[in-house]
Structures are given as C-alpha cells and as structure tokens.
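Numbering follows this note's numbering, with no gaps: position 84 of the sequence shown is 92.
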Amino acid sequence: MTKNYKVDVLIAGQGAASFAAGLYTSRYQLSTLIVGEHFGGETAIGGLIENYPGQPDIDGFDLMLKFKEQIDNLKTPIHSSNLVNVEKKSGKFHSILEDGTQIESISLILGIGRERRKLGLENEDSWTGKGISYCSTCDAPLYKNKSSVAVVGGGNAAVEGALLLSKYAEKIYLIYRKGKFTRPEPILLKILDQTSNIDVLFNTEITNLIGDDILGLKSISISKTWEGKSQIDVDGLFVEAGADPRIDIPKKLGLELNSSTNEVHVDIAQKTSIEGVFAAGDLTDGTELKQTITAASQGAISALSAYQYVSEYKSSH
Ligand SMILES: Cc1cc2nc3c(=O)[nH]c(=O)nc-3n(C[C@H](O)[C@H](O)[C@H](O)COP(=O)(O)OP(=O)(O)OC[C@H]3O[C@@H](n4cnc5c(N)ncnc54)[C@H](O)[C@@H]3O)c2cc1C
9 MTKNYKVDVL IAGQGAASFA AGLYTSRYQL STLIVGEHFG GETAIGGLIE
59 NYPGQPDIDG FDLMLKFKEQ IDNLKTPIHS SNLVNVEKKS GKFHSILEDG
109 TQIESISLIL GIGRERRKLG LENEDSWTGK GISYCSTCDA PLYKNKSSVA
159 VVGGGNAAVE GALLLSKYAE KIYLIYRKGK FTRPEPILLK ILDQTSNIDV
209 LFNTEITNLI GDDILGLKSI SISKTWEGKS QIDVDGLFVE AGADPRIDIP
259 KKLGLELNSS TNEVHVDIAQ KTSIEGVFAA GDLTDGTELK QTITAASQGA
309 ISALSAYQYV SEYKSSH
C-alpha cells in the first residue's frame, strides 16, 4: 500500500543540495520529506573528494553518508522513489512519485541535478554496461590489465577519467572534438602531460560504435585518422562528455530556465520563477562552479527561503 504525505516542504533529490536543504528545513522545524531513488547523487559516485572543506581526502560515498547521518539524527524521512509529476493547485503543491505515493506540500525544493550526456550513436544504449560506461570512477577497475580504453570528453571529468584508467589499462585514448583543452584544472593537465600511456586525440569525434550484441563494444570509428587508422580496437569506452540539467519536472511546473544554459533560473535566495518553488545545486544557474560545496550551500539557502515562505503562508491561511 502506498503511503501519502502532507508536509511543509518536499525536497526532491538525494544529493548534496537536497540533503543540506533537508538538514536546514528540519532544524527550522518545518515538516520535511526528502524523495529520490538514488542515494548520494553524483558526489557518492564521484570517487575521492579532495576539495570539500573540513573533510580532506574523503570518498564521495562516505561524505554523503555523513550528510545523511545528520539528517537521520533529526529523523527527517527519506522516501526512495523519484518525483514524476508535480502541480500547483490552490496554492499547494501536489506531487506524485514513481511508486504512486502522493504528497501535498506548501513548498518545494528541487535538487535533482544533471543527467550525463550521451554521444547519440547507434547501439550506445544497448551496449551500455557492455563496454560503454558513463562513470570512470565507478567502472575503471573493471578494465584492469585490458589493452586499450577510450575516454571521450574535454572537461575535468574526462581528464580525471583518463588518468584513473591509465592505472588499470595499458593504453588510453583521450578523444576530444576541439583542438585544445580549456576547461580542465591546470594541475590535471600537468599530470596528463606526464602520463605516458595516454594518447590525446584532438579535433576528433567518435562516428560509429562497432561490436556485437553478445560481447558489446569492440572498436570505435573516428572522424580523423590516428596513426593511419580510422578505427581503433578498444575494450571499453567512457563517455565523460558533460551533463545536462534535469528539466522534465521544472518544465512540467513551468519554471523559467536560463536561456543559454537551460538550467533552472534562480535568484540569490534560490527562488525560482514560481512562488514556493526553490532550486539548488547542479540543476540551477546559481553558479558556474558545479561542486559539492556549492550545491550544499545553495541547499542551505533554499531552506531559509522555504522557511520564510512557509511561515508567511501559514500566517495568511
Ligand atoms: C565524476 C565526478 C567527479 C566529481 N568530483 C567532485 C569533487 O572532487 N569535488 C566536488 O566538490 N564536486 C565534484 N563533482 C561535482 C559534484 O558531484 C556535484 O556538483 C554535486 O553532486 C551536485 O550536487 P546536487 O545535489 O546538485 O546534484 P546530484 O549530486 O546530481 O544529486 C541529484 C539527486 O537528485 C536525484 N534525482 C534525479 N531525478 C530525480 C527525481 N525526478 N526525483 C527525485 N530525485 C531525483 C538523483 O538521483 C540524485 O540523488 C564531481 C562530479 C562528477 C560527475
């Protein structure tokens, strides 16, 4: 039987933004429900976190366990199912989760993050998990002692992924469609330069995935020849080509999006274009710096805004 809830604030997401929001709303004594299927968000699968103040060199999963422990201490409920629909009716939000649970709330905080970008090539979906991965930190160990692995992308995640994989596989091809790196941190580029088993293929795109339905991916076709070859045999391909904000729910609600980044537009108080809806973290255009610390900080700010909104709502109804 599905359980239904009536709360002051519904928080969607189980990442840094949402957990921080939940910590603060609970401390503001708002009745709070956190929903989302996957614990910990991107931080939990991001591997070693070296830049979260006060927690040097902590595994992302362990960091998120600490976030959750603080919420659990406040007895804030977490319901493990994703938000699939939400409507604002007569001043309240009516939400439905994937498992059928219905929630009525006075306010809503969205911390649903971003979706990893795909290449859009034939067989990409069917060979995901059969040679194709979107998370080097999760799957790199599977390529221990393999001959060659390709990584596609040009940001921090791609360079970090290639560096990590270089410790497992013999040869790494880092494939980037542009002519030089501009986004990765300089320290990563320095280490990349010093890593002898990584070849960087600039101005190159993957044009085709070759393999079979039983074994999955076997090789990739590339747009520019590399050492005379337009096809490279690989044991694996890691797509680290960035991510797009998850805007299905924001679109259903009719929230204003940033016209150039497609992120949910927020002001400095994490308010969206709809009264009572707040958004935090990687989903939003609040900051270019998409990190655990900024997501947590925006989550805390969104909680204060929700608290002020709910207090005003209650005093006028
Ligand atoms: C490989 C990698 C390495 C990284 N390394 C670092 C690092 O070293 N240091 C650092 O500070 N940052 C790092 N980051 C960035 C950091 O992980 C993100 O900035 C941070 O996770 C953003 O938090 P968030 O809460 O906004 O979103 P997320 O962590 O993405 O959490 C979003 C949550 O929403 C859930 N969700 C999605 N849809 C729904 C729905 N419909 N209903 C309910 N819930 C939903 C998701 O399942 C997830 O639980 C890294 C990221 C990656 C990908």
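Glycine included, each C-beta is placed from N, C-alpha and C at the ideal position.
Discussion item. What residue range does the beta strand (DSSP E) around T40 cover?
Written reply: 40-43
Worksheet item: Any idea if L209 is buried or exposed, counting beta-carbon neighbours within 10 angstroms, 16 or more meaning buried?
Response: buried
Worksheet entry | Closer than 7 angstroms: V43 CB and nearest ligand 1 heavy atom | yes
Discussion item. Suppose you measure from the CA of G307 to the CA of G49; what does that come to, to the nearest Å?
Written reply: 14 angstroms
Fill in: T145 Cβ short of 7 angstroms to ligand 1 heavy atom set
yes
Worksheet item: For Y184, which three-state DSSP category applies?
Response: coil
Discussion item. So, at 6 angstroms on beta carbons, what are the nonlocal neighbours of D241 in its own chain, with the 5 sequence-adjacent residues on each side left out?
Written reply: S227
Worksheet item: Out of curiosity, what's the CA-to-CA distance linking S156 and D207?
Response: 11 angstroms
Worksheet item: Rounded C-beta distance between L197 and R254? I'm assuming under 8 angstroms.
Response: 30 angstroms between Cβ atoms; not a contact.
Discussion item. Nearer than 7 angstroms: is that true of the beta carbon of E58 relative to any heavy atom of ligand 1?
Written reply: yes
Worksheet item: How about D147 and S141: are their beta carbons less than 8 angstroms apart?
Response: yes
Discussion item. Considering just the uninterrupted stretch of the beta strand (DSSP E) at K226, what are its terminal residues?
Written reply: Element bounds for K226: 224-234.
Item to complete: Between the Cα of L182 and those of E320, G162, E193, K175, spot the shortest distance and give me the residue it belongs to.
Response: G162
Discussion item. Which same chain residues end up closer than 7 angstroms to S342 when comparing Cβ atoms and leaving out the 5 residues on each side of it in sequence?
Written reply: Only positions 9 to 325 of the chain appear in the structure, and residue 342 is not among them; the question remains open.
Worksheet item: If you measure from the beta carbon of K97 to each beta carbon in chain D, is any gap under 8 angstroms?
Response: You won't find chain D in this structure, because it holds only one protein chain.
Item to complete: Using alpha carbons as the reference points, say which of T302, I19, I282 lies closest to I86.
Response: I19
Discussion item. Please determine whether the Cβ atom of A25 lies at a distance below 7 angstroms from any heavy atom of ligand 1.
Written reply: Yes, the Cβ of A25 comes within 7 angstroms of a heavy atom of ligand 1.
Item to complete: Below 8 angstroms on the Cβ atoms is my guess for A311 versus Y36; work out the distance and round it to an integer in Å.
Response: 7 angstroms
Discussion item. For the segment 71-80 against the segment 23-33, do three or more pairs of beta-carbon atoms, one drawn from each stretch, fall closer than 8 angstroms, so that the two count as touching?
Written reply: yes
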